[in-house]
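One structure is given here, and the rest of the page talks about it.
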Amino acid sequence: MPPAGIPGRIRVRMTARPIDEPHRVSSPLELLFDLTFVVAIAAVTAQFAHSIAAGHALDGLVLFLLVFFSIWWAWMNFTWFASSYDTDDVPYRLLTMVQMAGVLVLAAGVPTAADHDDFRIVTLGYLIMRIGLVAQWLRAAVEDPPRRRTALRYAAGITILQAGWVLRLVLVETGVLTSWSALLLFFVGLVVLELAVPPWAERTGATTWHPHHIGERYGLFTIILLGESVLSATTAVEGALAAGGVSGSFVTVAFSGLVLLFALWWLYFLQPAGEGLSDRRHRSYLWGYGHYGIFACLAALGAGLEVAVEQSGHALAASPLVIGYAVAIPVAVFIALLRAVHVCLVAQPVIRPVVLVSCVVVILLLPLGAAPLGVAAVVAATAAVCVLLVAATIAPGLQVRPQEVNR
Numbered sequence: 068m069p070p071a072g073i074p075g076r077i078r079v080r081m082t083a084r085p086i087d088e089p090h091r092v093s094s095p096l097e098l099l100f101d102l103t104f105v106v107a108i109a110a111v112t113a114q115f116a117h118s119i120a121a122g123h124a125l126d127g128l129v130l131f132l133l134v135f136f137s138i139w140w141a142w143m144n145f146t147w148f149a150s151s152y153d154t155d156d157v158p159y160r161l162l163t164m165v166q167m168a169g170v171l172v173l174a175a176g177v178p179t180a181a182d183h184d185d186f187r188i189v190t191l192g193y194l195i196m197r198i199g200l201v202a203q204w205l206r207a208a209v210e211d212p213p214r215r216r217t218a219l220r221y222a223a224g225i226t227i228l229q230a231g232w233v234l235r236l237v238l239v240e241t242g243v244l245t246s247w248s249a250l251l252l253f254f255v256g257l258v259v260l261e262l263a264v265p266p267w268a269e270r271t272g273a274t275t276w277h278p279h280h281i282g283e284r285y286g287l288f289t290i291i292l293l294g295e296s297v298l299s300a301t302t303a304v305e306g307a308l309a310a311g312g313v314s315g316s317f318v319t320v321a322f323s324g325l326v327l328l329f330a331l332w333w334l335y336f337l338q339p340a341g342e343g344l345s346d347r348r349h350r351s352y353l354w355g356y357g358h359y360g361i362f363a364c365l366a367a368l369g370a371g372l373e374v375a376v377e378q379s380g381h382a383l384a385a386s387p388l389v390i391g392y393a394v395a396i397p398v399a400v401f402i403a404l405l406r407a408v409h410v411c412l413v414a415q416p417v418i419r420p421v422v423l424v425s426c427v428v429v430i431l432l433l434p435l436g437a438a439p440l441g442v443a444a445v446v447a448a449t450a451a452v453c454v455l456l457v458a459a460t461i462a463p464g465l466q467v468r469p470q471e472v473n474r
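This is the structure:
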C-alpha cells in the first residue's frame with residue numbers, strides 16, 4: 068500500500084491483506100467510524116433508560132435489543148471487512164462515510180421508533196449502512212479474483228436481506244403484520260439469516276482478517292460502550308445536581324457505578340483475544356457473535372446506572388426491585404458471556420467456573436433486597452462482588468513461586 072500523501076493513495080487495488088501483517092492496528096478512519104456509533108448507542112441507551120424509569124422496562128428492552136442488533140451488526144460487518152480489505156484510498160473512505168451517514172440516520176430514528184413504533188427512519192439508516200458495505204464487497208469481487216465468489220456471496224446475501232428488512236416495514240405499515248408478529252419475524256427470521264450470511268459466504272474461501280487487529284477493534288468498542296455507561300450516569304448526575312438532589316444514596320450510586328465499570332473493564336481485558344483468534348480461527352464466529360450479548364449488556368448497564376442515579380434524587384414509576392435488576396442482570400450476563408467467549412479461544416479461561424457461578428448467583432439475588440435496603444446498597448454490593456471477582460481472578464498470578472524467590 069503506498070504511503071499517505073502521494074498520488075497513489077487516490078486509488079489502491081483492493082486485494083486481501085496478509086493475515087500475519089506486522090504492527091496491524093486500528094486506522095484513524097476506523098476510529099472515526101466508531102465515533103458515529105457513539106451517537107447511535109447513546110440514543111438507544113437513553114431511550115431504554117426512559118423506559119425503565121417510566122415502569123415499562125420489558126417493552127423498552129424489546130426495542131433496545133432490536134435497534135442494538137442493527138447497530139452492532141453494521142459495526143461488526145464493517146470491522147471484519149476492513150480487517151481483510153482496508154485500502155484507505157479515496158473510494159474506500161467515501162464508502163465508509165456513506166456507512167457513517169447511515170448510523171447517524173438510524174440514531175435519529177430511535178425516539179420515533181420508541182414513542183410511535185415507527186421504524187421507517189431506523190430502517191432507512193440501516194439500509195444506507197448496508198448499501199455502503201455492499202459496494203465495498205462488489206469492489207473486492209472485481210479487484211480480488213481469488214476471493215471473488217466469497218465477495219459476491221457477501222454482496223448478494225446482504226442485498227437480499229435488505230429487501231427483507233424493507234418488506235417487513237411495508238407489511239407493518241400496511242397492517243398485514245401486527246407489531247408482535249413483526250418482532251417475531253425480525254428475531255426469528257431476519258436475525259438468523261443475517262447471522263448465517265458470513266458462514267455461508269466464506270464456505271467458498273475464507274477472508275484474510277487479522278486476528279490481533281480484530282481483537283483490538285473489539286476491545287476499543289468495549290471501551291466505547293463503557294464510556295457510554297459513564298456518559299449515561301453523568302447525565303443523571305447532572306440532573307440530580309441541578310435539582311439539588313445530592314444525598315448519601317446519590318454519592319453511593321455514583322461512586323459504586325464508577326467502581327463497577329472499572330471492574331468490568333478489568334475483567335474484559337484480563338485475557339487478550341489476539342493469540343486465541345490466531346490459533347483458533349475456526350472459533351471466530353462463536354467469539355464474534357457472542358459479543359452481541361457482551362456489548363448489549365454494557366449498553367444496558369449504562370441505562371440501569373442512569374436510572375439508579377436518577378431515583379436517588381426523586382421517586383420514579385419503576386420499583387426499586389426493577390431498578391436493581393436493571394443493573395444486576397446486565398452485569399451477571401456480561402460476566403457469564405465473557406467466560407463463554409473466552410472458552411471459544413483458550414483451553415483455560417482466567418475466570419474459574421466456581422467463582423463465576425458464585426458471583427453471578429449473588430449478583431442476581433442482590434436486587435431482592437432493594438426495597439428494604441435501597442437501590443444504592445444493591446449497586447454498591449454489585450460493585451463489591453465484581454471487585455472480589457477481579458481479585459480472585461488475578462490473585463493466583465500475584466503469588467511468588469519458590470524458584471522466582473531463589474533467583
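Quick note on my numbering: the sequence shown kicks off at 68 and runs consecutively. Just so it is clear, CB atoms sit at the ideal spot from N, CA and C, and this is done for glycine as well.
Counting the other Cβ atoms within 10 Å of the Cβ of I361 gives 16 or more, which makes it buried. In this structure, the straight-line span from the alpha carbon of A110 to that of V258 is close to 21 Å. A direct Cα-Cα distance of roughly 43 Å separates V320 from I225.
For the options R235, Y193 and A222, the alpha carbon positioned closest to that of R206 is the one of A222. The beta carbon of H117 sits closer than 7 Å to none of the beta carbons in its chain outside the five residues before and after it. For a cut-off of 8 Å, the C-beta gap from V170 to W333 is around 29 Å, too long to register as a contact. In summary, W247 is exposed, with fewer than 16 beta-carbon neighbours lying within 10 Å of its beta-carbon over all protein chains present.
The DSSP assignment places complete alpha helix (DSSP H) segments of no fewer than 4 residues inside the stretch 254-323 at 258-268 and 278-309, in order along the chain. When DSSP states are grouped into helix, strand and coil, V79 belongs to the coil group. If you draw a straight line from the Cα of R235 to the Cα of A448, it is about 44 Å long.
Uninterrupted alpha helix (DSSP H) stretches at least 4 residues long and entirely within the stretch 116-171 occur at 124-152, given in chain order. Short of 8 Å from the beta carbon of V129, and not among the five residues preceding or following it, lie these beta carbons of its own chain, in chain order: L250. Just measuring C-alpha positions, the residue of G294, L99, V428 and L200 sitting nearest L228 is L200.
When secondary structure is reduced to three states using DSSP, G360 falls in the helix class. Under the 10 Å beta carbon count, D101 is surrounded by 16 or more other beta carbons and is classified as buried.
Ranked by Cα distance from V442, the first of W232, I390 and L173 is I390.
For the pair of segments examined, the stretch 339-359 was found not to touch the stretch 424-431: the number of CB pairs separated by less than 8 Å stays below three. Distance from Y359 to F136 at the Cβ level is roughly 7 Å; contact confirmed, criterion being Cβ atoms closer than 8 Å. Contact between Y152 and A83 holds: CB atoms are separated by about 7 Å, below the 8 Å threshold. Within the same chain, L327, L331, C364, L368, I430, T449 and C453 come within 8 Å of V398 by CB-CB distance, once the 5 residues on both sides are set aside. The Cβ atoms of L173 and A107 lie closer than 7 Å to each other. Taking C-beta atoms as the reference points, A366 and V394 fail to come closer than 7 Å.
Between S379 and S296, the gap from beta carbon to beta carbon reaches 7 Å or more.
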